[in-house]
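See below for the structure under consideration.
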Amino acid sequence: HYQKITDLRERAMFKKKRLSHSIAAAVGASAIGMSGVQAAVLEEVIVTATKRAESAQDIPITIQALGEETLEDLGIGNFKDYIRNLAGVTSGGRGPGRNEIFIRGVSAGKGGLKIAGAVGLEPNVALYLDEAPISMGGRNIDPYMTDMNRVEVLPGPQGTLYGASSQAGTVRLITNKPEFNDFSAGFDASISDTKDGDQSNALEAHANIPLIDDTLAARVAIYNVKEGGYINNIRSTKQISLANPGFGGTVPDTRATARNDSLVKDNFNDATYQGYRLGLRWAPNENWDLQLQHTNQEIETDGVWDYDPLLGDLNSESFQPDYADDEFDLTAWTVSGRIANLDLLYTGSYLDRTVEGISDYSGYADSGPFIPYYICDYPGYANCGEPAFFLDQYYNTERTTHEFRLNTDAERRLRALVGVFYDDTENVERGDWNYPATIEQGFAPNAPITGSTASNPNARNPGVAFFNDFTRAKEELSFFGELYFDITDDLTFTAGARRYDIEIGLKGSSNFANRDYGSGDADWGRNVDEVLKDSSPADFQDTILKFNLQWNLNDDIMVYGTWSEGYRPGGFNRNGGSSVVPGEPPFVPDFYQSDEVTNIELGWKMSLFDQSLRFNGAIYNVKWEAMQIGVLDFDISNLTFIDNVSDSEINGIEIDSVWVPTDNLSLFVNISYNDTELTKVPANIVGLEPEGSSLALAPELQYVLRGRYDWDLSADSAAFAQLAYQYTDDQISSIVSGASFAMDSYGTWDATLGYSRDNWVVTLFGENLTNELADLFISNEDDIVKVTPNRPRTYGLRLSYKL
2 HYQKITDLRE RAMFKKKRLS HSIAAAVGAS AIGMSGVQAA VLEEVIVTAT
52 KRAESAQDIP ITIQALGEET LEDLGIGNFK DYIRNLAGVT SGGRGPGRNE
102 IFIRGVSAGK GGLKIAGAVG LEPNVALYLD EAPISMGGRN IDPYMTDMNR
152 VEVLPGPQGT LYGASSQAGT VRLITNKPEF NDFSAGFDAS ISDTKDGDQS
202 NALEAHANIP LIDDTLAARV AIYNVKEGGY INNIRSTKQI SLANPGFGGT
252 VPDTRATARN DSLVKDNFND ATYQGYRLGL RWAPNENWDL QLQHTNQEIE
302 TDGVWDYDPL LGDLNSESFQ PDYADDEFDL TAWTVSGRIA NLDLLYTGSY
352 LDRTVEGISD YSGYADSGPF IPYYICDYPG YANCGEPAFF LDQYYNTERT
402 THEFRLNTDA ERRLRALVGV FYDDTENVER GDWNYPATIE QGFAPNAPIT
452 GSTASNPNAR NPGVAFFNDF TRAKEELSFF GELYFDITDD LTFTAGARRY
502 DIEIGLKGSS NFANRDYGSG DADWGRNVDE VLKDSSPADF QDTILKFNLQ
552 WNLNDDIMVY GTWSEGYRPG GFNRNGGSSV VPGEPPFVPD FYQSDEVTNI
602 ELGWKMSLFD QSLRFNGAIY NVKWEAMQIG VLDFDISNLT FIDNVSDSEI
652 NGIEIDSVWV PTDNLSLFVN ISYNDTELTK VPANIVGLEP EGSSLALAPE
702 LQYVLRGRYD WDLSADSAAF AQLAYQYTDD QISSIVSGAS FAMDSYGTWD
752 ATLGYSRDNW VVTLFGENLT NELADLFISN EDDIVKVTPN RPRTYGLRLS
802 YKL
């Protein structure tokens, strides 16, 4: 069963400091300039969720849309900012660029980072930057939100239009595009201070540059953001634990002590986001439009974003440096046009992302069963070496996509959207586990296995006791379409389908060092090329469906019902074909199959009281079958492998409402309730939570409440104040029992006070005003229980200018 982090804290005699929930006289984030207050009528939000430009209120699907004004109101900068302002959307992660997204409770828990790229699970929520898919298992890209037009969240399966990885939903980040005839520019500069942490600052700028009237325009956005740290690396020492289960030989009298004196630092987890985006738009005539955009971003991080509760709140211990460099380049292009009564669109993208870094791995010394052999108890060892280890990791993804869509005339009673999608992705992941003490114990250098695919064919540096070198290739070709038929003027039926064919292959090797005095390089390990030669690549293909009925009761009220399916592709086990008794069944499966989600949903959209109240919602039932889960079955293997083993069910309701009762006051309510349950767990599977348990990272209740008041000060100046509260119920971190920890409920307050005059805006902001210490995620991936918290109370000042 799940473990409570509070128990660990109490054992160490540390307690969370919970401040009162009274709102301090500090204020929060906004950057929206106003020369006058708005009328008490809600703005129309145009989205492209259905791959047509439509009002969000006219689309018969659930959609949360954070428009440009809202993004500025909330001071949203990156992944963690927009996730916490979306009820029904959760995440699991361990720092910038190391997060996964979950929607409607469809989650078994976040996978590990160390092998996520090549042999981890595909994500079950699709992430897009404009038309380009950028989702990645375990390591979603984290684009900074400079000059962003909106965020669209589409809960529930979106498989017919968005395909693989949109099993539980889709998140789309939509940038501002070049506009032809109006020059505009702006910048934002901010500085903030975190309680007991370091300062943060940000500089952002953008410009829209018309080049030829009605024909050619360019747009540029740049940013440089430093996020100060708040996690401390405290002074510590470490010896190999005599309780390590791997001890079997003679333990020398001397055990070396690892020290981290040179790495001790307060607030050592800082991050820098640097990037730019260049866009060009050309309309050779009134029927055709071509857009080209290139995005570059680099995130440099030092330290870790989680702490050890046994060491006290926000304290950690690292015996090796922790840093990472995460850079991506994304080039995307779109050609849209009209021929007769047909709208055509072709879009493509090329993504190249590389992550390189070092992370402390010394916690493995206390539990890794082969650690004593490597540094301590083998015959002839004079002493136990220092248990200070680190992982040197390299991760690269290259992805090319193409999509062609055709829409018939939107005014016809019978209309259609058809398309074809192609995706070619290659992931290369290398991980070198360094145990420096193996050098003095006489281990030969570790080299790739002869005959295996190696992205790095060279022998590893001395001290690398174990390494992985995997290459995962995926090629997909899908055909999709939706047919829309107006049964009457107020009743519309939609039928959709997607036929996918995905080929996935895995090559490479897992390698371990051998203590072989006087020899050359050692190439011991598991050759995945050889093991999977009869099964890799594997082909996954199927057809998924969607049906929808929309009824417009009048111009202001619409109800709808949806039945839809979602999927994500299968993959390979690196230990496929192995067994407890070598050569004898049962064997670990070489690969696992796609898992599928079926969603039944009843929803409504209402615009009431002369468009001053928007009240949208949905009730849904989700069945998740053949869940892809890492399992431990001692009848098959002593190592965890992935298989399709469990089923689950989710019943939920979502509410999204905005009310403008006066010209000055706006009130926002976003609520999500999910009742999740594991409905099937095979009796022979060891280490999963039992039937009837809730799913992971799936709080029963989430809500976001926000109020904003605007008032005029003069003909050219105005002020605004805003207060927001975000609440997340308790949850567990994983349905795998050994990694399942109870995460307490929490609520945070943000506030804003701003002044605008002409084109200038000055904003004071405060985030997490009560200094709540929240459990955002809990992981024992490093063989130490680590808690990812939110940022402590932060106050700041932002200056904005728009021309």
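Numbering-wise, our numbering comes out as the position in the sequence shown, counting from 1, plus 1. The C-beta atom is built at its ideal place from N, Cα and C for all residues, glycine as well.
Beta-carbon contacts of residue i that lie in its chain and below 7 Å, excluding the five residues immediately before and after
i      : result
Asp487 : Arg414 and Thr493
Leu804 : Ser185, Ala186, Gly187 and Asn760
Leu533 : Leu507, Phe573, Gly577 and Asp591
Beta-carbon proximity of residue i to residue j, cut-off 9 Å
i      : j      : result
Gly577 : Val589 : yes
Phe390 : Tyr436 : yes
Ser510 : Phe467 : no
Phe181 : Asp214 : yes
Val659 : Leu609 : no
Ile210 : Gly797 : no
Leu689 : Ile630 : yes
Gly280 : Lys196 : no
Asn814 : Phe444 : Past the edges of the chain, shown from 2 to 804, lies residue 814, and the structure says nothing about it.
Pro388 : Asp367 : yes
Ala627 : Glu597 : yes
Val172 : Val152 : yes
Tyr814 : Leu706 : Outside the modelled stretch of the chain, which goes from 2 to 804, sits residue 814, for which no answer is possible.
Ile545 : Thr795 : no
Gly68  : Asp307 : no
Gly506 : Ala539 : yes
Leu696 : Val107 : yes
Ile359 : Leu392 : yes
Gln58  : Lys606 : yes
Gln612 : Leu43  : yes
Pro587 : Ile654 : no
Tyr163 : Tyr129 : yes
Gly98  : Asn141 : yes
Bounding residues of the beta strand (DSSP E) (the contiguous stretch that carries residue i)
i      : result
Pro285 : Asp271 to Asn286
Pro790 : Lys787 to Pro790
Ala725 : Ser718 to Thr729
Glu430 : Leu415 to Asn435
Arg461 : Looking at the DSSP string, Arg461 is not in any beta strand (DSSP E), and its letter there is neither H nor E.
Asp543 : Ala539 to Asn553
Lys803 : Thr795 to Lys803
CB-CB length for residue i against residue j, believed under 8 Å
i      : j      : result
Gly276 : Gln294 : Between Gln294 and Gly276 the Cβ distance is about 13 Å, and since that is not below 8 Å, they are no contact.
Asp410 : Arg416 : 6 Å
Arg105 : Gly170 : 7 Å
Asn528 : Gly452 : 6 Å
Asn397 : Ser319 : No, Asn397 and Ser319 are not in contact; Cβ-Cβ is about 25 Å, not under 8 Å.
Thr401 : Arg278 : Not a contact, Cβ separation roughly 20 Å.
Thr63  : Gly157 : 6 Å
Spatial neighbours of residue i in its chain, beta-carbon cut-off 6 Å, leaving aside the 5 residues before and after
i      : result
Ser721 : Position check: residue 721 holds Phe in this sequence, whereas Ser was assumed. Cβ neighbours of Phe721 beyond the five flanking positions: Asp711 and Gly755.
Ala190 : Leu204 and Leu800
Thr563 : Asn549 and Glu602
Glu301 : Thr273 and Asp326
Pro61  : Asn549, Gln551 and Tyr561
Thr91  : Phe103 and Leu698
Gly519 : Model confidence at Gly519 stands at a pLDDT of 46, short of 50, so the residue's coordinates are unreliable and nothing is read from them.
Asp676 : Asn652
Asn622 : Ile601 and Asn652
First and last residue of the uninterrupted alpha helix (DSSP H) at residue i
i      : result
Glu70  : Glu69 to Asp74
Lys52  : Premise fails: Lys52 is in no alpha helix (DSSP H) and is neither H nor E.
Pro61  : Premise fails: Pro61 is in no alpha helix (DSSP H) and is neither H nor E.
Leu162 : Gly160 to Tyr163
Pro373 : Ile372 to Ile376
Ile84  : Phe80 to Ile84
Val670 : First-last for Val670: Leu666 to Lys681, but that is the beta strand (DSSP E), not the alpha helix (DSSP H).
Glu531 : Val529 to Val532
Glu441 : Ala438 to Glu441
Residues bridged to residue i (per DSSP)
i      : result
Val107 : Looking at the DSSP assignment, Val107 forms no beta bridge with any residue, so it has no partner.
Ala383 : Per DSSP, none; premise fails for Ala383.
Met607 : Ile558 and Phe616
Thr355 : Glu328 and Asn397
Lys239 : Ala259
Gln168 : According to DSSP, Gln168 bridges with nothing at all.
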